[in-house]
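Numbering (UniProt numbering) for the sequence shown: 1 to 313.
Backbone N, C-alpha and C fix where the C-beta goes; we use that ideal spot for every residue, glycine too.
Computed from a prediction, not measured in an experiment: that's the story for all the values here.
Read the structure below first, then the notes.
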Amino acid sequence: MKSLVITAFLPALIAASFSLNDSGPDWDYTANDLLNTTSQACKDAYSAQIDCPDTLVGIVASMRPAFSPTSSDLDDVCTHTCKSSLDSYVENVKKACSADGDKAKESLGGACNPCKYTYDPVEIVGQIFQYSYAQSCRKADSSGDYCAFNKTSSRFSNFHCDDECALKRFTIAHNYEVASTKQFNYYYLIGQTDYWIKEFEDGWDTVKKCEGITEDDSTSSAAASSSKSSKSSSATATKSGHHTATAAAMTTGTTTEASASSETTSSFGSRFKATSASESAATEAAGNAGSQFRNSGSILGLLVGLCAISVLY
Numbered sequence: 001m002k003s004l005v006i007t008a009f010l011p012a013l014i015a016a017s018f019s020l021n022d023s024g025p026d027w028d029y030t031a032n033d034l035l036n037t038t039s040q041a042c043k044d045a046y047s048a049q050i051d052c053p054d055t056l057v058g059i060v061a062s063m064r065p066a067f068s069p070t071s072s073d074l075d076d077v078c079t080h081t082c083k084s085s086l087d088s089y090v091e092n093v094k095k096a097c098s099a100d101g102d103k104a105k106e107s108l109g110g111a112c113n114p115c116k117y118t119y120d121p122v123e124i125v126g127q128i129f130q131y132s133y134a135q136s137c138r139k140a141d142s143s144g145d146y147c148a149f150n151k152t153s154s155r156f157s158n159f160h161c162d163d164e165c166a167l168k169r170f171t172i173a174h175n176y177e178v179a180s181t182k183q184f185n186y187y188y189l190i191g192q193t194d195y196w197i198k199e200f201e202d203g204w205d206t207v208k209k210c211e212g213i214t215e216d217d218s219t220s221s222a223a224a225s226s227s228k229s230s231k232s233s234s235a236t237a238t239k240s241g242h243h244t245a246t247a248a249a250m251t252t253g254t255t256t257e258a259s260a261s262s263e264t265t266s267s268f269g270s271r272f273k274a275t276s277a278s279e280s281a282a283t284e285a286a287g288n289a290g291s292q293f294r295n296s297g298s299i300l301g302l303l304v305g306l307c308a309i310s311v312l313y
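In structure tokens, the structure reads:
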């Protein structure tokens with residue numbers, strides 16, 4: 001009886017799945033952020049549950065300085081169940097979101113008067129999760145340790161050929177050639193910076209030199225890869241209204257390259273942390289507030305569970 005009571009409250013304590021239609025401290029790109037011509041069938045597919053720990057959401061999009069997954073967290077993420085669920089999710093979204101009006105909005109930045117967007121296939125969101133999963137779950141063959149915690153591996157394109165984590169990093173970026181050019185920043189879907197797009201291209205050139213891969217081999221591998229993202233169709237559009245924080249969330253020119261160099265301090269994803277003290281403080285405050293809101297159900301579940309257990313005694 002005691003074990004039954006404890007088991008009953010475990011779902012409130014462990015987030016083993018998530019929906020991209022649920023807002024939280026790390027995520028707010030919901031079905032409402034898709035183009036307003038998106039069909040209900042597409043929105044339903046977009047909102048489906050994904051059987052992965054919500055740590056993956058943080059890996060994809062968290063801007064909170066306090067977000068720091070451990071090796072144990074990655075063990076929970078890097079499972080066959082999670083990968084299979086992501087793959088199924090993307091395929092289902094592809095099928096459900098095939099109408100001309102089914103599009104994801106990618107912010108182009110700048111002042112929101114009005115906001116400017118380009119439109120991508122809706123499945124790109126799930127493909128970014130697949131890409132982040134693949135990058136986060138990389139392990140060094142020699143040690144079996146996650147590459148995310150390997151501080152000696154280079155994150156830049158001029159790596160040495162014996163750097164197995166770098167070889168895998170740039171190979172994965174090549175295999176997900178569309179998803180690796182996108183990122184989430186301050187709840188917005190945006191393009192990756194030109195700096196890192198060029199680094200990924202140069203890094204793949206280094207991989208080919210290290211592995212002796214010819215252009216024919218590269219083309220055949222690309223055609224055979226089922227993990228590679230589909231090409232995004234784009235059409236620039238404008239819309240007045242909300243999301244006025246986009247300009248603050250994006251950087252260009254020299255600032256972008258300065259931020260890019262700081263990516264060596266971050267182990268997860270291809271996003272960039274806030275670079276100013278005010279942005280960091282605001283992000284952490286918003287994240288903490290959201291975290292308290294999201295975790296309130298878990299805390300309540302724990303308290304009720306403890307009360308129930310005490311009654312049994």
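(request) Please work out which residues of its chain come closer than 6 Å, Cβ to Cβ, to residue 229, disregarding the five sequence neighbours upstream and downstream, and give them in chain order. (result) Low per-residue confidence applies at residue 229: pLDDT is 43, beneath 50, and the placement is therefore not dependable, though the value from the model is reported in the following sentence. Cβ neighbours of residue 229 beyond the five flanking positions: 127, 176, 178, 179.
(request) My understanding is that residue 172 touches residue 107, with C-beta atoms under 8 Å, so please give their C-beta distance in whole angstroms. (result) At roughly 25 Å, the Cβ-Cβ gap does not stay under 8 Å, so residue 172 and residue 107 are not in contact.
(message) Classify residue 318: buried if its beta carbon has 16 or more other beta carbons within 10 angstroms, exposed otherwise.
(response) Residue 318 falls outside the range modelled here, since the chain spans only 1 to 313, and no answer is possible.
(message) So, under 8 Å CB-CB, residue 125 and residue 99 are touching, yes? Tell me the CB distance rounded to an integer number of Å.
(response) Not really, about 16 Å apart at Cβ, beyond 8 Å.
(request) Indicate, with yes or no, if the ligand MG has a heavy atom lying under 8 Å from the CB of residue 87. (result) Although the ligand MG was asked about, the structure shown includes no ligands whatsoever.
(request) Give me the Cα-Cα distance between residue 118 and residue 84, rounded to the nearest whole angstrom. (result) 30 Å
(message) For the pair the segment 154-171 and the segment 73-80, tell me if three or more CB-CB distances fall below 8 Å.
(response) Result no; under three Cβ-Cβ pairs closer than 8 Å.
(request) May I ask you to list the residues that DSSP assigns as paired with residue 18? (result) 50
(request) Just grab the DSSP bridge partners of residue 106 for me. (result) 118
(request) Measure the alpha-carbon distance for residue 120 versus residue 192 and round it to whole angstroms. (result) 14 Å
(request) Mind checking who residue 185 pairs with in its DSSP beta bridge? (result) DSSP, once it has assigned bridges, lists 188 as partnering residue 185.
(request) Might you give, ordered along the chain, the residues of its own chain that have their beta carbon closer than 6 Å to the beta carbon of residue 123, omitting 5 neighbours on each side? (result) 90, 93, 94
(message) Out of 24, 47, 25, which one is the CA nearest neighbour of residue 32?
(response) 47
(request) To the nearest angstrom, report how far apart residue 142 and residue 209 are at their CA atoms. (result) 21 Å
(message) Considering only DSSP beta bridges, list what residue 131 is partnered with.
(response) DSSP, once it has assigned bridges, lists no residue as partnering residue 131.
(request) Just mark residue 185 as buried or exposed, buried being the case when its beta carbon has 16 or more other beta carbons within 10 Å. (result) buried
(request) Please go through the same chain and pick out, in chain order, the residues whose beta-carbon is closer than 6 Å to the beta-carbon of residue 69, but skip the five residues on each side of it. (result) 55
(message) Taking the alpha-carbon of residue 167 as reference, which of 18, 140, 145 has the nearest alpha-carbon?
(response) Nearest of 18, 140, 145 to residue 167, Cα basis: 140.
(message) Does residue 89 come out as helix, strand or coil in the three-state DSSP assignment?
(response) helix
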